[in-house]
Amino acid sequence: PIVAFWVPAIGSDVMLPRALGFRIGREGCGAPSDDCCAVIKHHFVSRHHADAVRDGNALRITNRSKNRIEHDGALIDGFTIKPGEMLTAA
Numbered sequence: 020p021i022v023a024f025w026v027p028a029i030g031s032d033v034m035l036p037r038a039l040g041f042r043i044g045r046e047g048c049g050a051p052s053d054d055c056c057a058v059i060k061h062h063f064v065s066r067h068h069a070d071a072v073r074d075g076n077a078l079r080i081t082n083r084s085k086n087r088i089e090h091d092g093a094l095i096d097g098f099t100i101k102p103g104e105m106l107t108a109a
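Counting from 1 along the sequence shown, just add 19 to a position and that's the residue number in my numbering.
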């Protein structure tokens, strides 16, 4: 299963929560109910950039930002990412 993803802009992996669903964004979550986050400190990433839901070994990513997400060269708002694939905040 996916446990981390590579973020080229910051040159490192981001560890993913083990939760079935979590938020991806630039800021940590403040509310107790929002404590499952993957934090990416980069100016291309919005405070709440996307939501992720685990689906077996894949992640269903839904964009929540005015900034979009690039996957396989296309700017899209939702997709499923599998191990070995890459996404980019655009």
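For each residue, glycine too, the CB sits at the ideal point set by N, CA and C.
Alpha-carbon to alpha-carbon, residue j and residue i
i, j, result
"His-62", "Phe-24", "18 Å"
"Ser-31", "Gly-75", "24 Å"
"Gly-47", "Thr-99", "23 Å"
"Lys-85", "Arg-73", "23 Å"
Sequence-distant residues of the same chain with beta carbon closer than 6 Å to residue i, five excluded per side
i, result
"Asn-82", "Ala-69, Ile-88, Asp-96"
"His-90", "Phe-98, Leu-106"
Residues near residue i by beta carbon distance below 8 Å, same chain, minus five either side
i, result
"Pro-9", "The first residue shown for the chain is 20 and the last is 109, placing residue 9 beyond what the model contains."
Contact under 8 Å by Cβ, residue i with residue j
i, j, result
"Gly-40", "Arg-66", "no"
"Ile-59", "Ala-71", "no"
Residue i classed as buried or exposed, judged by whether at least 16 other C-beta atoms fall within 10 angstroms
i, result
"Ile-29", "exposed"
"Val-64", "buried"
Close beta carbons around residue i, own chain, < 7 Å, minus the five adjacent residues each side
i, result
"Val-33", "Ala-23, Phe-24, Val-26, Ala-57, Ile-59"
"Ile-21", "Leu-35, Asn-76, Leu-78, Pro-102"
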